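**Q** Going by our numbering, the first residue of the sequence shown is number 3, and it counts up by one from there.
Even glycine gets a Cβ: it sits at the ideal position worked out from N, Cα and C.
Note that this is a predicted model, so its numbers are computed, not measured.
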Amino acid sequence: MFVDGKHVETSRSGRTFDSVDPSTQQAWARVPDADASDVDLAVAAANQALVGPWGETTGVERARVLRSIAEKILQNLDYLAELEARDSGRLLRDAKTQVRLVVDWFYYFAGLADKFTGQTIPTGHKNMMVYTEAVPVGTVGIIVPWNAPLLLLAWKLAPALAVGCTVVVKPSDYTPATALALGPILQEAGVPDGAFNVVTGFGPAVGEAITAHPRINKIAFTGSTATGMLVGKAAMSNMTRVTLELGGKSAQLVFEDADIESALNGVMNGIFVASGQTCMAGSRLLLHESIHDKFVAELVKRAEAIRIGPPTDPSTQIGPIVNAKQHTSILEKIATAQRQGATLVCGGGVPSSVTGWYVEPTIFTDVEPDMEIAQEEVFGPVMAVMKFSTEAEAIELANNTRFGLAAGVWSQSVHRAHRVSRQLRAGTVWVNTYRAFSPAAPFGGFGHSGLGRENGLEAMRSFSETRTVWIEMEGETRDPFSV
Ligand code: NAD
């Protein structure tokens with residue numbers, strides 16, 4: 003692990019567990035299996051750094067450190083991408099793109115570190131000066147999933163450090179490697195000992211110890227909605243601040259006036275990239291009835307042509323599923339969709355050309371809104387297609403979900419694009435594009451897709467408390483009991 007500036011073993015148990023390469027199903031790394039006592043040590047180090055060296059830095063100094071982190075991550079790009087690809091099964095070239103994005107995140111929040119200010123507030127009190135200060139929320143527990151380990155960590159780490167917080171990170175037990183590798187990189191960039199800590203282990207032991215820890219001031223969590231609900235409840239027992247980035251069942255609405263070629267590209271990108279293992283996957287496709295059959299036929303052709311293979315092979319277009327549990331869960335959801343009467347028009351099985359946890363790109367048509375495949379997140383390369391005849395029906399179908407992370411609208415009518423976007427209950431709406439994101443643009447979900455927003459100024463606010471200061475300027479504080 004990485005605690006108080008050093009790589010360490012567990013303090014008590016001495017246990018370890020293996021990280022498995024999903025493309026070979028072989029263990030390739032061994033990391034400590036921590037418990038609550040390790041979390042205590044990491045939190046103590048982070049609390050100490052908060053009142054010590056990191057807490058004493060100015061925004062200007064933190065900006066410098068964050069820029070240096072960005073430079074050092076760039077210098078280590080190939081190394082970090084390789085660790086990420088082996089741990090998660092992500093394609094090596096995608097992993098490189100993601101590490102490049104991580105660099106952007108640190109540069110962006112370096113830019114905000116010395117510009118994030120309070121306000122002076124005019125009030126009805128003539129003798130009072132009132133101003134606010136943005137104060138670091140304190141020590142932050144960061145809990146991340148396996149599907150984009152380093153990027154989702156950066157979404158939290160960069161703004162937390164920019165505001166002046168210290169952190170204890172729990173990476174997913176499936177993908178611990180890159181968080182551990184960041185330790186020395188951050189140290190070299192000038193992050194003092196104790197400000198960045200990584201504790202490896204499992205949800206019930208390490209995750210729960212972090213979420214219920216009385217000396218952690220905020221939890222920044224990305225993961226499934228089921229775990230997010232547990233995290234939220236545990237955090238509330240200490241009034242710990244919490245942001246939750248959770249699951250999704252995002253809809254792509256393709257109208258009859260869409261640029262069909264762009265829509266096909268966007269729909270393919272939305273569901274099959276990273277084998278569908280993305281929170282923002284466009285897993286429900288809503289097609290106008292007049293274009294339905296031709297659009298589906300073209301999608302099937304393209305999906306069947308996708309090259310499935312090991313992440314390190316440059317010709318591979320989609321790689322494996324991260325682990326056996328997830329692989330089984332996807333196949334079960336495919337079987338349920340068939341049992342409930344959806345029509346399988348493409349894929350649905352395990353490819354015979356490769357060994358490992360792979361699933362073929364899969365498309366279902368004749369999906370009814372109340373089927374499991376239309377309501378539950380699959381987190382795999384599986385798309386549910388539904389038909390609509392009017393704009394109102396499309397909007398109703400899109401909003402018929404407990405989730406609300408993202409949506410795609412495909413239409414060449416500027417009127418329709420605006421009209422439909424403003425009626426969608428989703429944290430991000432993409433029009434004639436999909437999966438675009440930036441450190442500057444807030445990201446998060448409505449409903450069961452989460453709580454709060456990451457990125458942009460909203461992220462800086464979510465890692466700070468507001469202190470309001472009132473100053474009496476005339477020396478005339480009255481005796482409250484005089485008549
Ligand atoms: P998960 O909820 O199983 O695990 C997420 C993290 O929480 C892991 O580090 C895990 O060890 C930890 N954890 C497990 N139990 C815990 C507990 N009781 N207390 C505290 N921590 C605990 O999710 P996953 O399977 O790793 O990731 C996939 C999920 O993440 C999908 O649902 C996906 O939609 C979601 N996700 C959301 C976003 C977003 O930005 N909204 C981004 C990526 C992934």
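#1: Who does Val411 pair with in a DSSP beta bridge?
#2: Please name the residue, chosen from Ser415, Ser423, Arg304, that lies closest to Thr364 on a Cα-to-Cα basis.
#3: Residue range of the beta strand (DSSP E) that Ile71 falls in?
#4: Short of 7 Å in beta carbon distance, which residues of its chain neighbour Gln340, apart from the five on each side in sequence? Order them along the chain.
#5: Ignoring anything shorter than 4 residues, give me the alpha helix (DSSP H) runs that lie fully in the segment 318-372, in order along the chain.
#6: Would you say Ala87 and Thr314 are within 8 Å of each other, going by their C-beta atoms?
#7: Use the C-beta contact count for Phe483: other C-beta atoms within 10 angstroms, 16 or more gives buried, fewer gives exposed.
#8: Based on the DSSP output, what are the partners of Ala97 in its beta bridges?
#9: From the DSSP output, which residues share a beta bridge with Lys220?
#10: Do Lys335 and Glu374 count as a contact pair if the criterion is CB distance below 8 Å?
#11: Tell me, to the nearest whole angstrom, how far the beta carbon of Leu85 is from that of Ala160; I am working on the premise that it is less than 8 Å.
#12: With a threshold of 7 Å, establish whether the CB of Ala150 neighbours any heavy atom of ligand 1.
#13: What does DSSP give as the partner residues of Val200 in its beta bridges?
#14: Starting from the C-beta of Met270, find all residues in its chain whose C-beta is less than 8 Å away, skip the five residues before and the five after it, and write them out in chain order.
#15: Within 10 Å of its beta-carbon, does Cys129 have 16 or more other beta-carbons around it, so buried, or fewer, so exposed?
#16: Looking at Tyr133 and Thr122, is the spacing between their C-beta atoms short of 8 Å?
#17: Less than 8 Å between the C-beta atoms of Glu379 and Thr245, yes or no?
#18: Please confirm if the segment 209-223 is in contact with the segment 59-68, defined as three or more CB-CB distances below 8 Å between the two stretches.
#19: Thinking Ile187 and Asn78 are a contact (beta carbons under 8 Å), I'd like their distance in whole angstroms, please.
#20: Would you call the segment 146-159 and the segment 98-109 in contact, with 3 or more CB pairs under 8 Å?
#21: Just checking Val201 against ligand 1 - is the residue's beta carbon closer than 7 Å to any of the ligand's heavy atoms?
#22: Please confirm whether any heavy atom of ligand 1 lies closer than 7 Å to the CB of Glu379.
#23: Rounded to whole angstroms, what is the Cα-Cα separation between Ala326 and Pro444?
#24: Tell me the residue span of the beta strand (DSSP E) that contains Ala438.
#25: How should Thr392 be labelled, buried or exposed, when 16 other C-beta atoms within 10 angstroms of its C-beta is the threshold for buried?
#26: Use the C-beta contact count for Gly80: other C-beta atoms within 10 angstroms, 16 or more gives buried, fewer gives exposed.
#27: Please return the same chain residues whose Cβ sits closer than 8 Å to the Cβ of Ser466, not counting the five positions on each side in sequence.
#28: For Pro147, is the beta carbon positioned less than 7 Å from some heavy atom of ligand 1?
#29: Within the same chain, show all residues whose beta-carbon is closer than 6 Å to that of Gln254, passing over the 5 residues directly before and after it, in chain order.
#30: Count the other CB atoms, across all protein chains shown, that sit within 10 Å of the CB of Val171; report buried if there are 16 or more and exposed otherwise.
#31: Take every Cβ of the segment 448-464, pair it with every Cβ of the segment 395-405, and state whether three or more of those distances are shorter than 8 Å.
#32: Using only the alpha-carbon positions, how far apart do Ala228 and Gly126 sit?
#33: Identify, in the order they occur along the chain, each residue of the same chain with its Cβ nearer than 6 Å to the Cβ of Asn240, setting aside the five sequence neighbours on each side.
#34: Identify whether Arg14 lies in helix, strand or coil by the three-state DSSP scheme.
#35: Could you check whether the Cβ of Lys172 sits closer than 7 Å to any heavy atom belonging to ligand 1?
**A** So, to answer that:
#1: The count along the sequence shown starts at 1 and reaches residue 411 at position 409. Paired residue(s): Leu255, Val433.
#2: Walking along the sequence shown from the start, residue 364 turns up at place 362. That would be Arg304, whose Cα lies nearest to the Cα of Thr364.
#3: Position 69 of the sequence shown, counting from 1, holds the residue named residue 71. Note, Ile71: premise wrong, no beta strand (DSSP E); alpha helix (DSSP H) at 61-77.
#4: For the purposes of this step, residue 340 is taken as the residue at position 338 of the sequence shown. Cβ neighbours of Gln340 beyond the five flanking positions: Leu346.
#5: 326-341
#6: As a position in the sequence shown, residue 87 is number 85, starting the count at 1. As a position in the sequence shown, residue 314 is number 312, starting the count at 1. Contact flag set, yes.
#7: Taking the first residue of the sequence shown as position 1, residue 483 is located at position 481. Burial call: exposed.
#8: Here residue 97 refers to the residue found at position 95 of the sequence shown. Paired residues: none, contrary to the question.
#9: Sequence index remark: in the sequence shown, residue 220 carries index 218 (1-based). Its beta-bridge partners are Val142, Arg243.
#10: Your numbering for residue 374 matches position 372 in the sequence shown. Your numbering for residue 335 matches position 333 in the sequence shown. Cβ atoms of Glu374 and Lys335: closer than 8 Å.
#11: If you number the sequence shown from 1, residue 85 lands on position 83. If you number the sequence shown from 1, residue 160 lands on position 158. In fact, because the Cβ distance is near 19 Å, the residues do not count as touching under 8 Å.
#12: Taking the first residue of the sequence shown as 1, we reach residue 150 at position 148. Correct: Ala150 has its Cβ closer than 7 Å to ligand 1.
#13: Locating residue 200 in the sequence shown gives position 198, where the first residue counts as 1. For Val200, which the question treats as bridged, DSSP gives the partners Phe4, Val171.
#14: Stepping through the sequence shown from its first residue, residue 270 is reached at position 268. Excluding residues within five positions, the ones whose Cβ falls inside 8 Å are Leu301, Arg304, Ala305.
#15: In the sequence shown, residue 129 corresponds to position 127, counting from 1. The question names Cys, but residue 129 in the sequence shown is Asn. By the 10 Å Cβ count, Asn129 comes out exposed.
#16: Taking the first residue of the sequence shown as position 1, residue 122 is located at position 120. Taking the first residue of the sequence shown as position 1, residue 133 is located at position 131. The answer is yes: Cβ separation under 8 Å.
#17: Locating residue 379 in the sequence shown gives position 377, counting from the first residue. Locating residue 245 in the sequence shown gives position 243, counting from the first residue. Going by C-beta atoms, Glu379 is not nearer than 8 Å to Thr245.
#18: no
#19: As a first step, residue 187 is located in the sequence shown; it is residue number 185 there, counting from the start. As a first step, residue 78 is located in the sequence shown; it is residue number 76 there, counting from the start. Between Asn78 and Ile187 the Cβ distance is about 6 Å, and since that is below 8 Å, they are a contact.
#20: yes
#21: Counting from one through the sequence shown, the residue named residue 201 turns up at place 199. No - ligand 1 has no heavy atom lying nearer than 7 Å to the Cβ of Val201.
#22: Position 377 of the sequence shown, counted from the start, is the residue given in the question as residue 379. Under cutoff, so the answer is yes.
#23: Counted from its first residue, the sequence shown places residue 326 at position 324. Counted from its first residue, the sequence shown places residue 444 at position 442. Spanning the two alpha carbons is a distance of roughly 33 Å.
#24: Working through the sequence shown from its first residue, we reach residue 438 at position 436. Careful: Ala438 lies outside any beta strand (DSSP E) and carries neither H nor E.
#25: Against the sequence shown, residue 392 aligns to sequence position 390. Its Cβ having fewer than 16 others within 10 Å, Thr392 is exposed.
#26: As a working note, residue 80 is residue 78 in the sequence shown. The sequence as given places Asp at residue 80; Gly does not occur at that position. With fewer than 16 other Cβ atoms within 10 Å, it is exposed.
#27: The residue labelled residue 466 in the question sits at position 464 within the sequence shown. Hits under 8 Å: Phe118, Ala136, Val137, Pro138, Val139, Val165.
#28: Walking along the sequence shown from the start, residue 147 turns up at place 145. Checking the Cβ of Pro147 against ligand 1 gives yes.
#29: As a working note, residue 254 is residue 252 in the sequence shown. Excluding residues within five positions, the ones whose Cβ falls inside 6 Å are Val269, Gly272, Gly284, Leu287, Gly410.
#30: For the purposes of this step, residue 171 is identified with residue 169 of the sequence shown, where counting begins at 1. When all chains shown are included, Val171 counts as buried.
#31: yes
#32: Position 226 of the sequence shown, counted from the first residue, corresponds to residue 228. Position 124 of the sequence shown, counted from the first residue, corresponds to residue 126. Whole-angstrom Cα-Cα distance: 47 Å.
#33: The residue you call residue 240 lines up with position 238 of the sequence shown. Contacts found: Pro216.
#34: Position 12 of the sequence shown, counted from the first residue, corresponds to residue 14. Arg14: coil per DSSP, three-state reduction.
#35: What you label residue 172 is simply residue 170 of the sequence shown in a count that begins at 1. Yes, the Cβ of Lys172 comes within 7 Å of a heavy atom of ligand 1.
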